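J.: Protein chains in written order, with the working numbering: chain A, 623 to 1174; chain B, 1129 to 1197; chain C, 76 to 172.
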Amino acid sequence: MFDVIVRNGLVVDGSGSPGYLGDVAVKDGKIAAMGQNLGEAHRTVEAQGRVVAPGFIDPHTHFDVQLLWDGAARPALEHGITCVVPGNCSLSLAPLKIADRPRLIGMFQQIEEMPPEAFTQAFEWTWEDFAGYRDALEKDLSINVAPLVGHSVIRLWVMGPAAQERAATEAEIAAMQDLLRECLEAGAVGLSTSFVDVDENGRPVPSRFAQYEELDALCAVLGEFGRMLQCVPEFYATDITLARIDQLAELSLKHAIPTTFSPLFDTLAVPDNAERAIARVEEQFARGARVWPQMQTRPIDISFSLLRPSLFFARLPRWVRILRQPMTERLAALRDPATVEKMVADCGPDGGETMMGRLVARGGDACPAELVGKTLSQIARDRGQAPARALIDLSLEHGLDVAFLSASAGHQSTDRIGPMLAHPLVHIGASDGGAHLASFSTYGDTGYLFSEFVRKAGAMSLEQAVAKITAETADIWGLKDRGRLQPGLAADIVVFDADTIARGDERPAFDMPGDGMRYVRSARGIDTVLVNGQVAYTAGAYTDARAGVVCV
Amino acid sequence: MDEAVIVGAEIVAGHDGAAELLVRLRHPNGVEAPVVLDEATGLKLMAACGASHVDDLKGQSWRRIVEAS
Amino acid sequence: MAPERGRAPASLLGRPPGREPVSTSPDGALSRQRRFVTPGPEETIEELARRSLPDVAIEAAVDGIKSWNLHVFAMRRPPGLLLGSDVIFVEPPIAHG
């Protein structure tokens, strides 16, 4: 008798091979059998007309904190994600001495937009070392976690405040090596570092003060375990990206480790950016190096309000002049009918319909709830105004605290990005799940992969897309028990409708500690998600299953 | 031309959802390359150059970018 | 098709990137890219310019390095601070394609 059987689905096993109709049986958290007429089970999941695939793996997240009060990393799990990699970009919650907590919280707030209450109200901070963090994490997990340890916190532990001031001594580097080794033994899947981030005071994060020799020494320890080095490089600067690829390649070759950098964006402003980076990656792979560029599926949106000057208006000279004035003068100008008349006229004979009509009122701020999600064009029509005037008036009515979103402003060309995502050396990831909470939703990228790049563009087959975010990801990260439907492996399974799987619309949610706001997207087309053999999500609801583990 | 000058600029979507300023520089060897400025630096550059439109940045020296940062 | 994984040329193994260019390997496996270095501990831009461009007058060398590295010199950070992890190009952009 099996525990669970998923029956009559199109089994897409993660290998990239064509799907086939069949059943998947689960026993004791593992896949026990695959085929047809497998026998009885305590629970049956009917999957007729659905795809049965390995659970998706998200290799770039910042769920480090959220996982301590929400072991499902909502809404990641409902999108079919069964394993997340937190601890990216040099930041993790361990190892960390009590005295250094405020400093790390500041970095998380600056870089990932975590509210301070997330660190003070939502969990009991009992640990300093990585093993202690793992223990705290594992108490209530619904999703699997493969945590990275952050270079910045390792530096902070060994060097204290000097971590953000100077290069390390030989003795300090040796101490960092010992500490990293301890973290890897305690279950860290690798090390993350950052070349770009700053803290809340604008000071570079500790990892950026490291000499190459320090990173080299830490990678020697990664080499003992064959584990991953992740880094976040400079954006849109192709020559620098290529230099980073070369650095990572040297470390990969010397220490026999996989490396990954994230994100790699496509942009029409620098059309050869991603192309040149991928070409360099190909050259380095040909030498035997492993340097995996992570590319996200979703486009980048720009958001702004009139509270602060924004470059969004950089093509409107009068708007720029007015919006960069101090608040008192700015408000006076926006209330002056003659000035507003000219501002509206600047936006064209259609009153800004072409230029601004597609902007969307985001919500999560002072915007009236009934306007959230509407386009400026709709709002203007309802108000009987030109869009530019509606934007100004609506903002004035709510203390300028009304955010507008310009959707798909970057990394938006499906025709260009599809073939890149399908490239065998491009790692689909970089979701940033759990980060940038107040700026945009970092959930649903896997749904968008299927809706945009499989169904709409045909850039890859269903089987290829599944392989990309399951078996290939597991192989890249060395997660030996994950990513495939195969007897003996962990029963992380997602059942979804290939015709409807997608990401829902972005919406504000007030579910962060301290009633903090974040933007989220619900899943579409996901029926059931099993984590280590237990149904963790089904029929649109999370279950009480807590079968998630820290997996390496 | 014996120093790098701005030959173009445009708004791009930053990784964190903010608008950023991508400035294209032509170097004395004739090769063009971009540099991406965050929103605050981009706005300061425009103000320092008296630019009300991104196209007004054309012809400015690379030094203005350093001064604005 | 995924490129075949090859063996790394022995001459390239163990060499710290940034201390010298990695962009042109003896066997031509890598295409040429811009040369860069990484700053040493407490190194100033003048010191970096002297070691990277020894044949160029110091003022011109510093000027050149600044103009080639606006990703460092036009970014938010304490003025004059070079970081050990910075990529500093020691030549202007090179033509591609």
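Here a beta-carbon is modelled for each residue, glycine too, at the ideal position from N, C-alpha and C.
For clarity, every value in this text was computed on a predicted model and none was experimentally measured.
1) Going by DSSP, name the residue or residues bridged to residue 1205/B.
2) Find the nearest neighbour of residue 156/C within the set 135/C, 165/C, 168/C and 123/C, judged by alpha-carbon distance.
3) Please report the distance separating the alpha-carbon of residue 935/A from that of residue 689/A.
4) Excluding the 5 residues flanking residue 780/A on each side, which residues of the same chain have their C-beta closer than 8 angstroms to its C-beta?
5) So, helix, strand or coil for residue 841/A, using DSSP?
6) What residue does the beta strand (DSSP E) around residue 850/A start on, and which one ends it?
7) Contact check, residue 974/A vs residue 966/A under 8 angstroms by CB: the rounded distance?
8) Can you say whether residue 1067/A is buried or exposed, counting buried as having 16 or more other CB atoms within 10 angstroms of its CB?
9) Please list, in chain order, the chain E residues whose beta carbon lies closer than 7 angstroms to that of residue 107/C.
10) How far does the alpha helix (DSSP H) with residue 1084/A in it reach, from first residue to last?
11) Starting from the C-beta of residue 1020/A, find all residues in its chain whose C-beta is less than 7 angstroms away, skip the five residues before and the five after it, and write them out in chain order.
12) Consider the Cβ of residue 119/C: report whether some Cβ of chain A lies at a distance smaller than 8 angstroms.
13) Can you give me, in chain order, the residues of the stretch 919-934 of chain A that have a beta carbon less than 9 angstroms from any beta carbon in chain B?
14) Where do the ends of the beta strand (DSSP E) carrying residue 720/A lie?
15) Keeping to the same chain, check which residues put their C-beta closer than 6 angstroms to that of residue 143/C; ignore five residues upstream and five downstream.
16) Does the beta carbon of residue 913/A fall short of 7 angstroms from some heavy atom of the ligand GDP?
17) By how many angstroms is the C-alpha of residue 1107/A removed from the C-alpha of residue 852/A?
18) Use the C-beta contact count for residue 665/A: other C-beta atoms within 10 angstroms, 16 or more gives buried, fewer gives exposed.
19) Does the beta carbon of residue 1134/B sit closer than 8 angstroms to a beta carbon anywhere in chain A?
20) Classify residue 98/C as helix, strand or coil using the three-state DSSP reduction.
21) Just grab the DSSP bridge partners of residue 1078/A for me.
22) Contact defined as beta carbons within less than 8 angstroms: I believe residue 854/A pairs with residue 884/A. What is the distance between those atoms, to the nearest angstrom?
23) Between the Cα of residue 1155/A and those of 765/A, 972/A, 868/A and 681/A, spot the shortest distance and give me the residue it belongs to.
24) So which residues of chain C does residue 1179/B contact, with C-beta pairs closer than 9 angstroms?
25) Would you say residue 1182/B reaches chain C, if we count a Cβ-Cβ gap shorter than 8 angstroms as a contact?
26) Residue 1062/A by DSSP, collapsed to three states: which one?
27) Assuming residue 1167/B contacts residue 932/A under a Cβ cut-off of 8 angstroms, what Cβ separation, rounded to an integer in Å, is found between them?
28) Going by the DSSP bridge assignment, what does residue 1163/B pair with across the sheet?
29) Of the choices 685/A, 772/A and 1085/A, whose alpha-carbon is the least far from that of residue 718/A?
30) Quick check: residue 830/A and residue 816/A, are their CB atoms within less than 8 angstroms of each other?
31) Is residue 1153/A helix, strand or coil by DSSP?
T.: Quick answer:
1) Any question about residue 1205/B goes unanswered here, given that chain B covers just 1129 to 1197.
2) Your numbering for residue 156/C matches position 81 in the third sequence. Nearest option by C-alpha distance: 123/C.
3) Mapped onto the first sequence, residue 935/A falls at position 313. Mapped onto the first sequence, residue 689/A falls at position 67. Their Cα atoms are separated by approximately 38 angstroms.
4) Locating residue 780/A in the first sequence gives position 158, where the first residue counts as 1. Same-chain partners within the cutoff: 790, 794, 797, 798 and 801.
5) Taking the first sequence and counting its residues from 1, the one referred to as residue 841/A is at position 219. Of the three classes helix, strand and coil, the one that applies to residue 841/A here is helix, per DSSP.
6) As a working note, residue 850/A is residue 228 in the first sequence. Element bounds for residue 850/A: 850-854.
7) In the first sequence, the residue the question calls residue 974/A occupies position 352. In the first sequence, the residue the question calls residue 966/A occupies position 344. Going by Cβ atoms, the distance from residue 974/A to residue 966/A rounds to 7 angstroms, so yes, they are a contact pair.
8) Taking the first residue of the first sequence as position 1, residue 1067/A is located at position 445. Flag for residue 1067/A reads buried.
9) Here chain E cannot be found, since the structure's protein chains are A, B and C.
10) The residue labelled residue 1084/A in the question sits at position 462 within the first sequence. Residue 1084/A -> alpha helix (DSSP H) spans 1084-1090.
11) Residue 1020/A sits at position 398 when you count from the first residue of the first sequence. Closer than 7 angstroms at the Cβ level, and outside the excluded window around residue 1020/A, lie 988 and 989.
12) Against the third sequence, residue 119/C aligns to sequence position 44. False, the Cβ-Cβ gap to chain A never drops below 8 angstroms.
13) 921, 922, 923, 924, 925, 926, 930, 931, 932, 933 and 934
14) Position 98 of the first sequence, counting from 1, holds the residue named residue 720/A. Counting along the chain, residue 720/A falls outside any beta strand (DSSP E), and DSSP gives it neither H nor E.
15) Within the third sequence, numbered from 1, the residue matching residue 143/C stands at position 68. Correct list, in chain order: 164 and 167.
16) For the structure depicted, the ligand GDP is absent and the ligand set is empty, with no information on it obtainable.
17) As a first step, residue 852/A is located in the first sequence; it is residue number 230 there, counting from the start. As a first step, residue 1107/A is located in the first sequence; it is residue number 485 there, counting from the start. Approximately 27 angstroms, taken between the alpha carbons.
18) Position 43 of the first sequence, counting from 1, holds the residue named residue 665/A. It counts as exposed.
19) Residue 1134/B sits at position 6 when you count from the first residue of the second sequence. With 8 angstroms as the cut-off, residue 1134/B does not count as an interface residue toward chain A.
20) Residue numbering aside, residue 98/C sits at position 23 when the third sequence is read from its first letter. With a pLDDT of 42 at residue 98/C, under the threshold of 50, the modelled position of this residue cannot be trusted; read the value that follows with caution. Of the three classes helix, strand and coil, the one that applies to residue 98/C here is coil, per DSSP.
21) The residue you call residue 1078/A lines up with position 456 of the first sequence. Paired residues: none, contrary to the question.
22) As a position in the first sequence, residue 854/A is number 232, starting the count at 1. As a position in the first sequence, residue 884/A is number 262, starting the count at 1. Contact holds; Cβ gap of about 6 angstroms.
23) Counting from 1 along the first sequence, the entry for residue 1155/A is found at position 533. Taking only the C-alpha atoms, the option nearest residue 1155/A is 765/A.
24) Along the second sequence, read from residue 1 onward, the residue named residue 1179/B stands at position 51. Correct list: empty, because the minimum Cβ distance to chain C is about 16 angstroms.
25) Locating residue 1182/B in the second sequence gives position 54, where the first residue counts as 1. Judged by the 8 angstroms Cβ criterion, residue 1182/B is not in contact with chain C.
26) Translated into the one-based positions of the first sequence, residue 1062/A becomes position 440. Note: residue 1062/A maps to coil in three-state DSSP.
27) In the second sequence, counting from the first residue as 1, residue 1167/B sits at position 39. In the first sequence, counting from the first residue as 1, residue 932/A sits at position 310. The pair is a contact, with the Cβ atoms about 7 angstroms apart (cut-off 8 angstroms).
28) Working through the second sequence from its first residue, we reach residue 1163/B at position 35. Per DSSP, 1151/B.
29) Within the first sequence, numbered from 1, the residue matching residue 718/A stands at position 96. Answer by Cα proximity: 772/A.
30) Here residue 830/A corresponds to residue number 208 of the first sequence, with the count starting at 1. Here residue 816/A corresponds to residue number 194 of the first sequence, with the count starting at 1. The answer is yes: Cβ separation under 8 angstroms.
31) Taking the first sequence and counting its residues from 1, one reaches residue 1153/A at position 531. Three-state result, residue 1153/A: strand.
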